[in-house]
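Numbering (our numbering), first residue to last: 29 to 358. For each residue, glycine too, the CB sits at the ideal point set by N, CA and C. Since this is a predicted model, take the numbers as computed values, not measurements. Written below as structure tokens is the structure these notes are about.
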């Protein structure tokens, strides 16, 4: 039986310029190391494959170049040191971030070794995109210092970061993770461990339905992408799904649509959920009533005017930008 040891020494704030060890010198390890170095941390990149360490600078240079207006590329790369020996790599680190391939046995072995090598106050994070944190940490003694810090590709551009907690994760560690993520100009979104976590669970709910449309030949790839890019996408980019609903539709209508889809398809995923029904029952129908998922101050007409201006400006920017044309997909 593994004893769960709780560390009470987790710092509330990451030490400025402190040492971080990245375990795994592949694609994500390279990106994460570069990001941390960009924000002033001293980074040791560990990989038993010396070739991965030797090629780091070449692979990291284009990533660091995205910050060229703010910092010198060579200065960023100079904060990253390669180290093939794990014990030496983790020595003195306040955070060890694992980014090895998505293989459970490999990650379990890495974390068991890290648990043995690192003092209990060293935070151990995984960048897993699909494996459960509790499974990864199943062989760890000091399990309360383990959590997920999962970046979304391209991680140096996309600001949202999943902070994944398990039942044993103390609030102090979550607060530390939020502060650390903020220190690299990213935004932490906290979620409990569950299949898909938060972002992939939302993303693949949409993609699964899109795959079905393609399989059934109901729409072309161009029409599907245009439908999302020119309707759902801009609204979600501006406001997110729940605030979007508050701004554009009555909760009564939203509930009626979900119930209608459920009755037509029998798919439980379309069944109106408890939280939505409770809002309808209370009369909290969105911006039009001053309260929905969010509360709103001021006149509804003013809110609508601001909503429309923001969406119009973004759509005009998208038309001028022509992101699809720039990528020139075939």
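Report the CB separation of residue i from residue j in whole angstroms; it is logged as a contact under 8 Å.
i, j, result
"residue 313", "residue 278", "5 Å"
"residue 134", "residue 159", "Actually they are not in contact, since the Cβ atoms of residue 134 and residue 159 sit about 10 Å apart, beyond 8 Å."
"residue 44", "residue 121", "15 Å between Cβ atoms; not a contact."
To which residues of the same chain is residue i closer than 7 Å at the C-beta, ignoring the five residues directly before and after it?
i, result
"residue 190", "176, 178, 217, 219, 225, 226, 227"
"residue 203", "40"
"residue 212", "63, 64, 67"
"residue 85", "105"
What is the DSSP secondary structure of residue i, counted as helix, strand or coil?
i, result
"residue 34", "Note that residue 34 has pLDDT 45, beneath the 50 cutoff, so the model's placement of it is unreliable and no number is given."
"residue 154", "strand"
"residue 209", "helix"
"residue 262", "helix"
"residue 28", "Only positions 29 to 358 of the chain appear in the structure, and residue 28 is not among them; the question remains open."
"residue 192", "strand"
"residue 177", "strand"
With a CB to CB cut of under 8 Å and the five nearest residues on each side skipped, what residues in its chain are close to residue i?
i, result
"residue 60", "50, 125, 127, 155, 179, 183"
"residue 356", "none"
Do you know whose CA, among the options, lies nearest residue i's CA?
i, options, result
"residue 268", "188, 79, 40", "188"
"residue 351", "198, 253, 299", "253"
"residue 192", "168, 221, 116, 186", "221"
"residue 137", "263, 64, 165, 159", "165"
"residue 94", "82, 66, 106", "66"
"residue 338", "303, 272, 323", "272"
"residue 171", "139, 157, 185", "139"
"residue 113", "57, 76, 322, 213", "76"
"residue 104", "89, 115, 305", "89"
"residue 118", "238, 242, 146", "146"
"residue 258", "82, 341, 332, 302", "341"
With a 10 Å radius around its C-beta and 16 neighbouring C-beta atoms as the bar for buried, classify residue i as buried or exposed.
i, result
"residue 143", "buried"
"residue 234", "exposed"
"residue 291", "exposed"
"residue 236", "exposed"
"residue 64", "buried"
"residue 347", "exposed"
"residue 208", "buried"
"residue 295", "exposed"
"residue 293", "exposed"
"residue 349", "exposed"
"residue 55", "exposed"
"residue 330", "exposed"
"residue 243", "exposed"
"residue 14", "There is simply no residue 14 to check, as the chain begins at 29 and stops at 358 in what is shown."
Can you list, in chain order, the residues of its chain with a C-beta nearer than 6 Å to that of residue i? Leave out the 5 residues immediately preceding and following it.
i, result
"residue 152", "124, 142, 173, 174"
"residue 109", "72"
"residue 275", "315, 335"
"residue 318", "324"
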